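In this note's numbering, the protein residues as written are 28 to 295.
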Amino acid sequence: MSKIRHICGLSGGKDSTALALYMRDRVPDMEYVFCDTGRELQETYDYLALVEAFLGTRITYLNPKQDFDHWLDVFGNYLPSPKARWCTKLLKLKPFEAYIGDDEVISYVGIRADENRTGLISSKPNLTTVFPFKEDGIDYDGVMRILEESGIGMPPYLSWGRTHSGCFFCFFQSKYEWVRLLEVYPDQFAEAEKYETIDPATGTLFTWMEDMPLETLRDPGVQADVKQKHFVRQEWLKSRKGNKRLVETFGGIEVEEPSNNGCLICHL
C-alpha cells in the first residue's frame with residue numbers, strides 16, 4: 028500500500044500561513060506547495076520565502092503549463108470574473124491536481140471555524156480535504172494569535188490596503204484596492220489596464236470591474252470619492268464592532284475582514 032501524502036497549500040495569505048505553522052510539528056512529513064500564476068506581487072514571493080524559513084523546509088512552486096495570456100486567448104479575451112473563475116481552475120487547481128497525480132493525498136485547507144465557505148476544491152477521488160481550523164475551533168483571532176506568537180508577522184500587502192493574496196489583477200479587489208494598487212504599484216496597475224479591451228464586433232467592454240474600466244480610477248476626483256466611501260465604510264464597521272479585536276490591531280495594521288466570495292485556493 029502506497030504511503031498517504033500530506034499536502035498543505037499556501038497562497039501567501041494569512042490563513043494558509045497560520046495553518047502551515049500550526050501543522051508544522053503535527054505532521055512532520057507535510058508537503059507545502061504554492062500554485063504560482065506568475066502574476067503575483069513581489070511582496071507575496073518575499074513573504075513565502077520568509078514562510079519557508081519559519082517552516083524550515085522548502086515550498087514547492089507549481090506552475091501551469093500554459094500561462095494566463097494563453098488561456099485568455101482561448102476564452103476569446105473574456106476576462107475571468109466571479110461567475111467565470113477559469114483562472115483559478117486552470118492556473119491553480121489543475122497544476123495542483125497534476126502534482127498529486129493518483130497518489131492518496133490528504134489536503135489541509137485553512138478555512139477558519141468562523142467561516143462558512145468551501146471555495147473551489149478538487150473532486151479527485153484520491154484526495155481527502157480536511158479543515159484543521161474548523162475541527163479545532165480556531166477562528167480569526169486564533170489565526171492572528173498563531174502569526175503573532177510565531178513572530179512571522181502579517182503579509183506585507185495588508186499594510187497598504189489589500190485584503191488578500193492572489194494575482195495583482197484579481198477581479199475580487201474592491202475599488203479601493205485598485206486605487207491603492209495604482210498608488211503603490213503603478214506598473215502592475217498599468218499591466219492590468221492593458222488587459223481591458225472592447226470587442227469590435229459587439230462593442231462589449233471586457234473590464235476587471237463590472238461597472239467601470241480601470242482608466243476611470245486614474246481620475247483624482249474618482250480616487251478621492253473611492254477613498255472617502257472606503258473611509259465611511261470602515262468607520263461604520265468599527266462602530267458596529269465596538270472594542271477592537273486582536274485582528275484589527277495586529278502590528279499596528281488595520282485589518283479589514285474580507286468577504287467570503289474569494290477563490291479559496293487563491294486567497295487563504
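Note that CB positions come from ideal geometry on N, CA and C, so glycine has one too.
Model, not experiment: these values are computed from the prediction.
Under 7 Å between C-beta atoms of residue i and residue j
{"i": "F61", "j": "I179", "result": "no"}
{"i": "S192", "j": "T71", "result": "yes"}
{"i": "F233", "j": "L106", "result": "yes"}
{"i": "S149", "j": "E124", "result": "yes"}
{"i": "L118", "j": "P91", "result": "yes"}
{"i": "D163", "j": "D141", "result": "no"}
{"i": "I133", "j": "T155", "result": "yes"}
{"i": "A45", "j": "V136", "result": "no"}
Outcome for residue i when other beta-carbon atoms lying within 10 angstroms are tallied against a minimum of 16
{"i": "P109", "result": "exposed"}
{"i": "G230", "result": "exposed"}
{"i": "V274", "result": "Confidence at V274 is low in this model, with a pLDDT of 46, below 50, so its placement is unreliable and no value can be given for it."}
{"i": "N287", "result": "Unreliable positioning characterises N287 in this predicted model, as indicated by a pLDDT of 44, which lies under 50. A coordinate reading is not provided."}
{"i": "K265", "result": "exposed"}
{"i": "S29", "result": "exposed"}
{"i": "R53", "result": "exposed"}
{"i": "E283", "result": "Residue confidence for E283 is low, a pLDDT of 49 falling below 50, so the modelled location carries little weight; the figure read from the coordinates is stated next. Answer is buried; the Cβ neighbour count reaches 16."}
{"i": "R144", "result": "exposed"}
{"i": "G103", "result": "exposed"}
{"i": "A219", "result": "buried"}
{"i": "F258", "result": "exposed"}
{"i": "R267", "result": "exposed"}
Residue of the options minimising C-alpha distance to residue i
{"i": "S201", "options": "L75, K254, R66 and S186", "result": "K254"}
{"i": "L174", "options": "L77, M57 and R32", "result": "L77"}
{"i": "E79", "options": "K92, A111, D94 and G39", "result": "G39"}
{"i": "D56", "options": "Y74, H33 and V249", "result": "H33"}
{"i": "P247", "options": "Y184, K116, Y203 and E218", "result": "Y203"}
{"i": "Q222", "options": "V211, A228, F195 and V206", "result": "The sequence shown places Tyr at residue 222, rather than the Gln named in the question. The shortest C-alpha separation from Y222 is found at F195."}
{"i": "M50", "options": "F158, E262 and R267", "result": "F158"}
{"i": "P182", "options": "I86, I225 and L75", "result": "L75"}
{"i": "I86", "options": "D73, D94 and F95", "result": "D73"}
{"i": "M185", "options": "I31, C35 and K41", "result": "Note that residue 185 is Leu in the sequence shown here, rather than Met. When each option's Cα is compared against that of L185, the closest is K41."}
{"i": "S43", "options": "F160, D226 and T224", "result": "F160"}
{"i": "D31", "options": "N153, A111, P122 and E237", "result": "Asp is not the amino acid found at residue 31; the sequence shown has Ile there. The candidate whose alpha carbon is nearest that of I31 is N153."}
{"i": "E237", "options": "D168, D94 and A111", "result": "A111"}
Nearest-angstrom beta carbon gap, residue j and residue i [assumed within contact, 8 Å]
{"i": "Y59", "j": "L37", "result": "6 Å"}
{"i": "F296", "j": "L208", "result": "Limits of the chain in this structure are 28 at one end and 295 at the other, which puts residue 296 out of reach."}
{"i": "V206", "j": "Q261", "result": "Not really, about 14 Å apart at Cβ, beyond 8 Å."}
{"i": "W330", "j": "V211", "result": "Past the edges of the chain, shown from 28 to 295, lies residue 330, and the structure says nothing about it."}
Residue i Cβ short of 6 Å to the ligand GDP heavy atom set
{"i": "N104", "result": "The model depicted lacks the ligand GDP and carries no ligand whatsoever."}
Min CB distance residue i to chain C below 7 Å
{"i": "N104", "result": "No chain C is present in this structure, which holds just one protein chain."}
| message | Does the contact criterion of 3 or more C-beta pairs under 8 Å hold for the segment 240-256 versus the segment 92-109? | response | These segments do not touch.
**Asked** Okay, do the segment 65-72 and the segment 128-143 touch, 3+ Cβ pairs below 8 Å being the bar?
**Response** The count of Cβ pairs closer than 8 Å, one atom from the segment 65-72 and one from the segment 128-143, stays below three, leaving the stretches out of contact.
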